[in-house]
Amino acid sequence: MNNRAVILIVDDEITNIEIMNAVLEDTYEICFATSGEQAIEVARTVLPDLILLDVMMPGIDGYDVCERIKSERLLADVPVIFTTGLTDQDAEVRGLSLGAIDYITKPIQPVVLRARVANHIELKRLRDQLAQMAVTDALTGLSNRRHLEETIKTEVTALAETKDWLSVILLDIDFFKSFNDTYGHPEGDRCLIMVASALTRAMHRSDNTVARYGGEEFACILPGTNFEAAMKMAQNIKNQVQALNIPHSGSSISPFLTISMGVASAMAAHGMTSSDWINHADQQLYLSKAGGRDMISGAVFTPEN
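Right under this line is the structure:
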């Protein structure tokens, strides 16, 4: 697998692109653009790890390109280094105020270019790691509650445009306190990890998200999935967990570990929030627990109910 960082070089002079490419191509994947408009299009397509951006270009200049890149959610965190023949301080201040992280003056000095790029790529890698840790559950490796809610919010916005379905499943391990009391917390942690793996195996699509909602509670986000398909997914999850055959002598309903589940489905619409799905799924989960556990309950809801 090729894990090399991707650098987008933007310059209207092909010679400058060739010089920078020669310096960097042995270490990084290089793509390029020769205009501001093309730079934005390429950036959206490849999502580079760093952009080397010429300031003075015909049409949209580097300042405008930087400002537009920083305004887009998927590109806002991509570091931008301006490459320019300008040496006045005002030009540098303007670029930094728009979100650029560094300046490299022309003519390009290979040693300087290589060192600046390496430093900023490493800083981005560390920032990405910290950002990933902030949205990941340390025990299971699944998304955490914060990421779950942000993902639902993002999906609602996108799905509302096409009036498509979104379904959320909440599930709870039955009698998990008794499990910990009987087998100990290390075994309890191992149980959570096994259940997390079972949930991941049950997912059929790459855009499905599995999260640890808290404690022994998990959640699944299923964009573009109607109620009938979500209920089938819930049954698949139940089967996957059942197939683990985890002994649970502290359960009053089964000698093996079981789960209770709540499914909430709705057509996404503008103005709806992540709480709409979470609250309705939680209501259905409550019904499963009240009904004897080891059950799946679900419902379709609208913003009014």
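So in UniProt numbering, spot 92 of the sequence shown is number 92, and the numbers just go up one at a time. Glycine included, C-beta positions come from ideal geometry on N, C-alpha and C.
Coil, strand or helix - residue i by DSSP
{"i": "P247", "result": "strand"}
{"i": "T302", "result": "coil"}
{"i": "A43", "result": "helix"}
{"i": "T136", "result": "strand"}
{"i": "R293", "result": "coil"}
{"i": "A76", "result": "coil"}
{"i": "G262", "result": "strand"}
{"i": "V55", "result": "coil"}
{"i": "T34", "result": "coil"}
{"i": "F227", "result": "helix"}
{"i": "F175", "result": "coil"}
{"i": "R4", "result": "coil"}
{"i": "A211", "result": "strand"}
{"i": "Y183", "result": "helix"}
{"i": "Y28", "result": "coil"}
{"i": "L219", "result": "According to the sequence as given, residue 219 is Ala; it is not Leu. The answer is strand: DSSP assigns A219 an E or B state."}
{"i": "residue 306", "result": "Since the first residue of the chain shown is 1 and the last is 305, residue 306 is not available in this structure."}
{"i": "M272", "result": "coil"}
{"i": "S288", "result": "helix"}
{"i": "M20", "result": "helix"}
{"i": "L166", "result": "strand"}
{"i": "S143", "result": "strand"}
{"i": "L130", "result": "helix"}
{"i": "E13", "result": "coil"}
{"i": "L50", "result": "strand"}
{"i": "residue 329", "result": "An answer regarding residue 329 cannot be provided, because it is not within the stretch 1 to 305 covered by the chain."}
{"i": "I108", "result": "coil"}
{"i": "I81", "result": "strand"}
{"i": "M233", "result": "helix"}
{"i": "M194", "result": "helix"}
Residue i and residue j closer than 7 Å at C-beta
{"i": "R145", "j": "Y213", "result": "yes"}
{"i": "L98", "j": "P48", "result": "no"}
{"i": "L222", "j": "N236", "result": "no"}
{"i": "T45", "j": "D12", "result": "no"}
{"i": "A43", "j": "C66", "result": "no"}
{"i": "E155", "j": "L166", "result": "yes"}
{"i": "G95", "j": "I60", "result": "no"}
{"i": "A290", "j": "A264", "result": "no"}
{"i": "A219", "j": "L148", "result": "yes"}
{"i": "E25", "j": "V6", "result": "no"}
{"i": "G250", "j": "S288", "result": "no"}
{"i": "V135", "j": "W277", "result": "no"}
{"i": "L142", "j": "A196", "result": "yes"}
{"i": "V55", "j": "F82", "result": "yes"}
{"i": "P79", "j": "H120", "result": "yes"}
{"i": "I14", "j": "I108", "result": "no"}
{"i": "K106", "j": "G85", "result": "yes"}
Inter-residue spacing [alpha-carbon to alpha-carbon] between residue i and residue j
{"i": "V210", "j": "V10", "result": "38 Å"}
{"i": "Y103", "j": "E216", "result": "49 Å"}
{"i": "T140", "j": "D172", "result": "15 Å"}
{"i": "F175", "j": "T225", "result": "30 Å"}
{"i": "G271", "j": "A299", "result": "20 Å"}
{"i": "E150", "j": "H248", "result": "34 Å"}
{"i": "S275", "j": "A266", "result": "13 Å"}
{"i": "I17", "j": "C191", "result": "54 Å"}
{"i": "D128", "j": "S254", "result": "43 Å"}
{"i": "H204", "j": "V112", "result": "47 Å"}
{"i": "P303", "j": "R68", "result": "35 Å"}
{"i": "E41", "j": "Y286", "result": "48 Å"}
- Task: Would you be able to state if there are at least three C-beta pairs under 8 Å between the region 285-298 and the region 248-267?
- Result: Three or more Cβ pairs drawn from the region 248-267 and the region 285-298 lie within less than 8 Å of each other, which places the two stretches in contact.
- Message: I'd like to know if the region 71-79 and the region 38-57 are in contact, where contact means that at least 3 CB-CB pairs between them fall below 8 Å.
- Response: The region 71-79 and the region 38-57 touch, with no fewer than 3 CB-CB distances between them shorter than 8 Å.
- Could you say if the region 104-117 and the region 242-257 meet the contact criterion of at least three C-beta pairs nearer than 8 Å? Here the region 104-117 makes no contact with the region 242-257; the two share fewer than three CB pairs at distances below 8 Å.
- Message: Quick test of the definition: if touching needs 3 or more C-beta pairs under 8 Å, does the region 178-190 touch the region 152-163?
- Response: A contact is defined here as three or more CB-CB pairs under 8 Å, and the region 178-190 fails this definition with respect to the region 152-163.
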